[in-house]
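Participant: I'd like to ask some things about the structure below.
In this note's numbering, the protein residues as written are 2 to 627.
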């Protein structure tokens, strides 16, 4: 991301101000009654400011210094009453504030959501995931910043008016001492606003780009792993994180520069008033008037000025940039200097992920689709001759040291070429079982073996060369349909084998609609059932001797499910199916019933006699079917 010069950034800040001001005038012009109510309450609040310093001066000059304690106390009572009046006026201000803040937030939300929906409908592939940041973080920030800005700006204007009027009423000479440093500090502060707005804009752009990148990486993590693009993706994410860090530091430096103007406007008037005291006394200014001036400065004017500078320097610049972006004035999408979504070499959402055929090295396994090769390939030897396809020996597994075991002392043997269906209530551990056999999970106790070898004992780079797992959420990446089907065939496969697997599981209809096996697949436009068909054909084509189907047909209709399951039954090898229909259990050689306490294994007819849970499940399936 190429940094822009400071002058270019400052011009961007001025441009944002020019774009926002007309909209701000229209927004405020439509709410004149609300502004009038705020002005009325604020005027009452300014009376409190005026009386605060004026009463102190009169209490000293006309009361205590003149020997009239009663008069001095009465003026202090007036000052105390002014505080009560100011608190009452402050309540009215907050009641009227909602009339400005909530319409702004609602309008921004409508505008952002409407614009995002239009863009998504026009081109779903370029849907902007950074809109999440705008709807949540930025809209709420705009609301809070606008509320704070209205409060402090209103407070400063009326407090300054009351304090300056009070100074002029006490002694006009006081304005000559206090006024110049106040004006100088304000001028220095205003000079930092445009640069701060530009830095705030850079920070928000960096924040959106980073949020969009993280969203794209989260959605395409399997493609990233499959393509071996972890380092490239991590480097890009780190670059964006560094850009956001640099923008935050630049913003912090300008925030630190703001303290200089605050010191000039906030501390210098008090110092000058102290140094000029002899000169003022020589020209007729009384001690009470000096104390009143000090009261105006320390109790009213300087706190209001400090609050104004803090709010304008932080919330004000942030509000300007956010409003400009939310109302459509931002100069291109976040990260516009980099290839956008849909660009070559990038995944949907903007993550720079190469296509599988662009990878420079062999693709490592994706988390939910474990690639396999010929059983006798690679170092470390092949399966043990005559060993069962899958064997679990007293396996216990729990998700955490103190968690209740999902599986407890489970023994299971699945022979070569056998088809086993696994059934049981939801959450009982069926997917955990397939994860253990696939080598994705490690048992707490016991042993899981695949073709005689420990499930997780294969050499590095070949952890799962004997089995393939297809879960409920099928993995399909952007690429041709043929590339998707060959994903689990490291050595490739003859074209006729690819076509045969597609035909066996019922994929040919979808392939024809897409334009053939060499048509490019966009996962976003496929239904869940269509993605499952692609994943099933991929698993059928793979050379893995053990196939694990974890409800991999749950999004297919019963006819399509039967065709796919029969295709795997006719395919050489062992199949373990987590079933969700009675038909799947009926077609299996054996059925494993899991109930959490123990497991029962047998044929369909045997389990109807031996397992009450299985009878209940069969009755439930038949009721649902009816």
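Glycine residues also receive a C-beta, built at the ideal position from the N, C-alpha and C atoms.
Is it the case that the Cβ atoms of residue 415 and residue 586 are separated by a distance below 8 Å?
Facilitator: Start at 1 with the first residue of the chain shown, and residue 415 comes out as number 414. Start at 1 with the first residue of the chain shown, and residue 586 comes out as number 585. No.
Participant: Excluding five sequence neighbours on each side, which residues of the same chain lie with their C-beta closer than 7 Å to the C-beta of residue 36?
Facilitator: For the purposes of this step, residue 36 is identified with residue 35 of the chain shown, where counting begins at 1. Hits under 7 Å: 29.
Participant: Enumerate in chain order the residues of its own chain whose CB-to-CB distance from residue 156 is below 6 Å, with the five nearest sequence positions on each side excluded.
Facilitator: For the purposes of this step, residue 156 is taken as the residue at position 155 of the chain shown. Here the set comprises 305.
Participant: So the alpha helix (DSSP H) residue 438 belongs to, where does it begin and stop?
Facilitator: The residue labelled residue 438 in the question sits at position 437 within the chain shown. Note, residue 438: alpha helix (DSSP H), 431-438.
Participant: Mind checking whether residue 477 and residue 565 have CB atoms under 8 Å apart?
Facilitator: In the chain shown, the residue the question calls residue 477 occupies position 476. In the chain shown, the residue the question calls residue 565 occupies position 564. No, the Cβ-Cβ distance between residue 477 and residue 565 is not below 8 Å.
Participant: Could you tell me which residues DSSP puts in a beta bridge with residue 655?
Facilitator: The displayed coordinates of the chain run from 2 to 627. Any statement about residue 655 would go beyond what the structure contains.
Participant: Alpha helix (DSSP H) containing residue 538: first to last residue?
Facilitator: In the chain shown, the residue the question calls residue 538 occupies position 537. It spans 529-542 - the alpha helix (DSSP H) in which residue 538 sits, taken as one unbroken run.
Participant: By Cβ distance below 6 Å, which residues in the same chain neighbour residue 464 in space, the five residues on each side in sequence not counted?
Facilitator: Your numbering for residue 464 matches position 463 in the chain shown. Residue confidence is low: residue 464 scores 40 on pLDDT, short of 50, so the model does not pin down where it sits. Its coordinate-derived value is still stated next. 440, listed in sequence order.
Participant: Select from 596, 61, 87, 288 the residue whose C-alpha is nearest the C-alpha of residue 409.
Facilitator: What you label residue 409 is simply residue 408 of the chain shown in a count that begins at 1. The shortest Cα separation from residue 409 among 596, 61, 87, 288 belongs to 596.
Participant: Can the beta-carbon of residue 628 be found closer than 8 Å to that of residue 167?
Facilitator: In the structure as shown, the chain begins at 2 and stops at 627. Residue 628 is therefore absent and cannot be evaluated.
Participant: Quick check on this structure: which residue in 160, 215, 247 has the alpha carbon closest to the alpha carbon of residue 200?
Facilitator: The count along the chain shown starts at 1 and reaches residue 200 at position 199. The residue with the shortest Cα to Cα distance from residue 200 is 247.
Participant: Taking the DSSP output, what are the residues bridged to residue 481?
Facilitator: Position 480 of the chain shown, counted from the start, is the residue given in the question as residue 481. DSSP output for residue 481 lists 521 as bridge partner(s).
Participant: Which ranges does the alpha helix (DSSP H) cover as unbroken runs of at least 4 residues, wholly within the segment 256-311, from first to last along the chain?
Facilitator: Counting whole runs of 4 or more residues, the segment 256-311 contains the alpha helix (DSSP H) stretches 269-276, 278-283, 288-296, 303-311.
Participant: Consult DSSP for residue 619 and reduce its assignment to one of helix, strand or coil.
Facilitator: Taking the chain shown and counting its residues from 1, the one referred to as residue 619 is at position 618. The answer is helix: DSSP assigns residue 619 an H, G or I state.
Participant: Residue range of the beta strand (DSSP E) that residue 551 falls in?
Facilitator: Here residue 551 refers to the residue found at position 550 of the chain shown. That run of the beta strand (DSSP E) goes 547-551.
Participant: Got a sec? Which residues, its chain only, sit under 6 Å from residue 612 by beta carbon, not counting five neighbours each side?
Facilitator: For this step, residue 612 is matched to residue 611 along the chain shown. If we look at residue 612 and ignore the five residues flanking it on each side, its Cβ neighbours are 594, 601.
Participant: For my contact list, residue 437 and residue 417 are in at a C-beta cut-off of 8 Å; report their separation, rounded to the angstrom.
Facilitator: The sequence position of residue 437 within the chain shown is 436, counting from 1. The sequence position of residue 417 within the chain shown is 416, counting from 1. No, residue 437 and residue 417 are not in contact; Cβ-Cβ is about 19 Å, not under 8 Å.
Participant: How far does the alpha helix (DSSP H) with residue 567 in it reach, from first residue to last?
Facilitator: Counting from one through the chain shown, the residue named residue 567 turns up at place 566. Residue 567 -> alpha helix (DSSP H) spans 559-571.
Participant: Does residue 1 pass the burial test, meaning 16 or more other C-beta atoms within 10 Å, or should it be called exposed?
Facilitator: Because the chain in this structure spans residues 2 to 627, residue 1 falls outside the shown range and cannot be described.
Participant: Helix, strand or coil: how does DSSP classify residue 649 here?
Facilitator: Not covered by the structure: residue 649. The range shown for the chain is 2 to 627.
Participant: For residue 520 and residue 487, which I take to be in contact (beta-carbon distance under 8 Å), what is that distance rounded to the nearest angstrom?
Facilitator: The residue you call residue 520 lines up with position 519 of the chain shown. The residue you call residue 487 lines up with position 486 of the chain shown. Between residue 487 and residue 520 the Cβ distance is about 14 Å, and since that is not below 8 Å, they are no contact.
Participant: For a quick check, are the C-beta atoms of residue 52 and residue 83 less than 8 Å apart?
Facilitator: On the chain shown, residue 52 is found 51 positions in, with the first residue counted as 1. On the chain shown, residue 83 is found 82 positions in, with the first residue counted as 1. Contact flag set, yes.
Participant: Kindly list the residues whose CB is nearer than 6 Å to the CB of residue 580, restricted to its own chain and excluding five residues on each side of it in sequence; keep chain order.
Facilitator: For the purposes of this step, residue 580 is identified with residue 579 of the chain shown, where counting begins at 1. Once the five neighbours on either side are set aside, the close Cβ partners of residue 580 are 422, 424, 586.
Participant: So what does DSSP say about residue 419, is it helix, strand or coil?
Facilitator: Here the question's residue 419 lines up with position 418 in the chain shown. In the structure shown, residue 419 sits in coil (DSSP, three-state: anything other than H, G, I, E or B).
Participant: Do the segment 180-199 and the segment 263-283 meet, that is, are 3 or more Cβ pairs less than 8 Å apart?
Facilitator: Judged by Cβ distances under 8 Å, the segment 180-199 makes contact with the segment 263-283, as three or more pairs qualify.
Participant: So, helix, strand or coil for residue 63, using DSSP?
Facilitator: Numbered from its first residue, the chain shown carries residue 63 at position 62. It is helical.
Participant: Is it true that the CB of residue 430 sits closer than 8 Å to the CB of residue 407?
Facilitator: The residue labelled residue 407 in the question sits at position 406 within the chain shown. The residue labelled residue 430 in the question sits at position 429 within the chain shown. Cβ distance < 8 Å, so residue 407 and residue 430 count as in contact.
Participant: Would you report the Cα separation of residue 170 and residue 101, rounded to the nearest angstrom?
Facilitator: Here residue 170 refers to the residue found at position 169 when the chain shown is read from its first residue. Here residue 101 refers to the residue found at position 100 when the chain shown is read from its first residue. Going by the C-alpha atoms only, they are around 35 Å apart.
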